[in-house]
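Colleague: Just passing along the structure, written as structure tokens.
Numbering (full-length UniProt numbering), first residue to last: 1 to 169.
Next up, the structure:
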């Protein structure tokens with residue numbers, strides 16, 4: 001495993017992109033939701049950088065996965081926690097890595113079970129671009145193409161760091 005890129009530079013990209021899109025859309029009171037686990041760590045950091053005072057929400061999308069019946073339940077499942085009403089709210093949904101789009105689809109399904117938001121802005125630290133569903137992030141820290149034998153992982157929470165894992169093929 002090797003450290004891949006400067007996490008602070010990626011966080012700066014996310015913060016700048018989010019500030020720009022919030023201003024463009026005239027959104028002044030968003031709430032943050034992080035997808036466990038890496039997205040929760042990022043929501044904490046980005047919330048502080050953006051000066052969002054309201055606590056962020058945490059989603060565990062295990063029950064909403066489209067492969068749930070095949071892979072079963074992860075023994076580390078924790079309940080989701082949304083300390084605010086999603087109805088009519090502008091939500092910033094944060095995940096560490098987007099690849100197929102399936103995790104984001106599951107997260108949005110869960111969010112809508114809590115209420116219908118006014119909007120959802122999707123922010124991801126890394127975009128691997130291997131979509132199976134037509135879901136694209138609004139803000140990305142960095143786009144990256146990996147070889148079939150490589151994986152990327154956000155480690156943390158303190159310090160946050162990106163690692164490239166190589167199975168050696």
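Cβ coordinates follow ideal geometry from the N, Cα and C atoms, glycine included.
Excluding five sequence neighbours on each side, which residues of the same chain lie with their C-beta closer than 7 Å to the C-beta of residue 71?
Modeller: With a pLDDT of 48 at residue 71, under the threshold of 50, the modelled position of this residue cannot be trusted, and the question is left open.
Colleague: Hey, could you find the ends of the alpha helix (DSSP H) residue 44 is sitting in?
Modeller: That run of the alpha helix (DSSP H) goes 38 to 50.
Colleague: From what residue to what residue does the beta strand (DSSP E) around residue 126 run?
Modeller: Element bounds for residue 126: 119 to 127.
Colleague: Smallest Cα separation from residue 137: which of 54, 21, 8?
Modeller: Considering only alpha carbons, the answer is 21.
Colleague: Please report the distance separating the alpha-carbon of residue 103 from that of residue 139.
Modeller: Straight-line Cα distance between these residues: approximately 16 Å.
Colleague: When the distance is taken between beta carbons, is residue 33 closer than 8 Å to residue 90?
Modeller: No, the pair does not count as a contact, with Cβ atoms beyond the cut-off.
Colleague: Under a three-way DSSP split, which group does residue 14 fall into?
Modeller: Three-state DSSP puts residue 14 in a helix.
Colleague: Can you grab the Cα-Cα spacing for the pair residue 55 / residue 153, in whole Å?
Modeller: Using only the alpha carbons, I get a separation of about 25 Å.
Colleague: Counting contacts by CB-CB distance shorter than 8 Å, is residue 64 in contact with chain C?
Modeller: You won't find chain C in this structure, because it holds only one protein chain.
Colleague: Can you give me the Cβ contacts of residue 155 inside the same chain, cut-off strictly under 7 Å, excluding the 5 residues immediately before and after it?
Modeller: If we look at residue 155 and ignore the five residues flanking it on each side, its Cβ neighbours are 161, 163.
Colleague: Distance check for residue 97 and residue 68, CA to CA, integer angstroms please.
Modeller: Residue placement at residue 68 is flagged as unreliable, the pLDDT there being 48, under the threshold of 50; a coordinate-derived value is accordingly withheld.
Colleague: By the 10 Å Cβ neighbour count, where 16 or more other Cβ atoms means buried, how is residue 167 classified, buried or exposed?
Modeller: Under this definition residue 167 is an exposed residue.
Colleague: Is the beta carbon of residue 118 sitting closer than 8 Å to the one on residue 141?
Modeller: Result no, Cβ atoms of residue 118 and residue 141 do not sit closer than 8 Å.
Colleague: Drop a sphere of 10 angstroms on the beta-carbon of residue 145, count the other beta-carbons inside from all chains shown, and report buried for 16 or more, exposed for fewer.
Modeller: Exposed.
Colleague: By the three-class DSSP mapping on this structure, what secondary structure does residue 81 have?
Modeller: Reduced to three states, the DSSP call for residue 81 is strand.
Colleague: Near residue 107, which residues of its chain fall below 8 Å by C-beta distance, leaving aside the five closest residues on each side in sequence?
Modeller: The residues are 33, 35, 59, 61, 64, 93, 95.
Colleague: At the level of alpha carbons, what is the spacing between residue 148 and residue 124?
Modeller: Each residue's alpha carbon lies about 21 Å from the other.
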